[in-house]
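Residue numbers (my numbering): 600 to 903.
Encoded structure:
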């Protein structure tokens with residue numbers, strides 16, 4: 600009995616030392632998390648209830664910033680533009696990503712090279728240089744209009760026309776299909792070949808196999824990509840800022856919510872109002888994500 604009771608204090612002491620060592624290694628991350636993430640989040644929540652201009656101490660306003668948002672017609676316009684941008688560009692992006700993943704999954708030679716090349720747009724599309732290039736491509740004398748001129752069609756300045764400017768941003772976001780494509784490709788590789796062989800024996804064609812085997816088994820991956828790309832689309836900023844010159848024009852047709860938030864916060868120094876807008880965006884994303892999870896039970900099928 601003495602040996603057993605003697606080993607227990609030693610084991611507990613060793614566990615405490617191991618825990619202290621573990622917390623020591625985790626300390627830099629914990630401090631960074633508190634100082635650079637949790638701290639600013641709580642600070643912005645407080646500032647959303649204040650009048651803060653960076654030049655003077657914040658003054659408590661209560662719910663005034665949020666009430667003001669209900670009467671801000673430009674904010675309502677930015678929400679409409681953002682919802683149009685998200686609900687059009689994200690499905691288009693996922694369709695392109697899945698189509699290319701299916702193509703690459705057929706055993707193309709040099710798969711690693713193609714996969715890297717197609718992934719590059721996802722790495723570069725958020726950069727200022729690509730946004731500038733996109734503005735030149737869709738300009739009045741850009742590549743698109745040059746190609747149209749060769750077939751006798753007179754183009755317009757796509758980025759300067761209220762009816763087409765948002766469409767250029769949608770195409771740019773859809774072009775960043777690399778990340779979801781790689782995830783789709785990994786999901787396709789996990790589908791057992793025996794399912795397709797059995798379906799072929801039963802006389803099912805490729806279209807039938809796609810809708811009855813590929814899509815149902817791929818729904819968890821589709822759902823995962825949908826959530827990630829939706830959140831990313833709501834946070835899009837650089838493309839709209841560069842293409843519109845920071846104004847959201849023409850006629851506020853490219854005024855994404857984040858661009859208007861930037862304009863209020865860093866253009867007019869209304870940091871309190873901008874903080875309220877940021878928290879409203881967080882609520883919108885959280886609600887839409889929750890709705891997606893709620894309806895996922897009806898169309899997402901897991902192996903178990």
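Every residue gets a Cβ at the ideal spot worked out from N, C-alpha and C, and that includes glycine. Values in this document were obtained by computation on a predicted structure and should not be read as measured data.
Where does residue i land, buried or exposed, given buried means 16+ other C-beta within 10 angstroms?
i	result
residue 796	exposed
residue 702	exposed
residue 776	buried
residue 744	buried
residue 779	buried
residue 840	buried
residue 591	For the chain, the structure presents residues 600 to 903; residue 591 sits outside this window and is missing.
residue 598	With the chain running from 600 to 903 in the structure shown, residue 598 is simply not present.
residue 865	exposed
residue 664	buried
residue 685	buried
residue 622	exposed
residue 670	exposed
residue 793	exposed
residue 655	exposed
residue 740	exposed
residue 618	exposed
Mapping DSSP to helix, strand and coil, what is residue i?
i	result
residue 767	helix
residue 631	helix
residue 828	helix
residue 759	helix
residue 670	helix
residue 814	helix
residue 850	coil
residue 869	coil
residue 855	coil
residue 752	coil
residue 739	coil
residue 836	coil
residue 899	coil
residue 704	coil
Would you mind giving the Cβ-Cβ distance between residue i and residue j, rounded to the nearest angstrom? I have them listed as a contact below 8 Å.
i	j	result
residue 733	residue 679	The pair is not a contact, with the Cβ atoms about 22 Å apart (cut-off 8 Å).
residue 704	residue 784	6 Å
residue 899	residue 822	5 Å
residue 962	residue 820	The structure shown has nothing for residue 962, since the chain only spans 600 to 903.
residue 758	residue 767	6 Å
residue 688	residue 798	Rounded, the Cβ-Cβ distance is 33 Å, inconsistent with contact.
residue 727	residue 837	6 Å
Could you pull the DSSP bridge partners for residue i from this structure?
i	result
residue 650	658
request  = Would you check if the stretch 678–693 and the stretch 749–759 touch, i.e. whether three or more CB-CB distances between them fall below 8 Å?
outcome  = no
query = Do the stretch 656–663 and the stretch 889–899 meet, that is, are 3 or more Cβ pairs less than 8 Å apart?
reply = no
query = How do the stretch 792–808 and the stretch 866–879 stand: do at least 3 beta-carbon pairs fall below 8 Å, yes or no?
reply = no
Segment contact, 8 Å Cβ cut-off, at least three pairs: the stretch 637–651 with the stretch 845–853 = Result no; under three Cβ-Cβ pairs closer than 8 Å.
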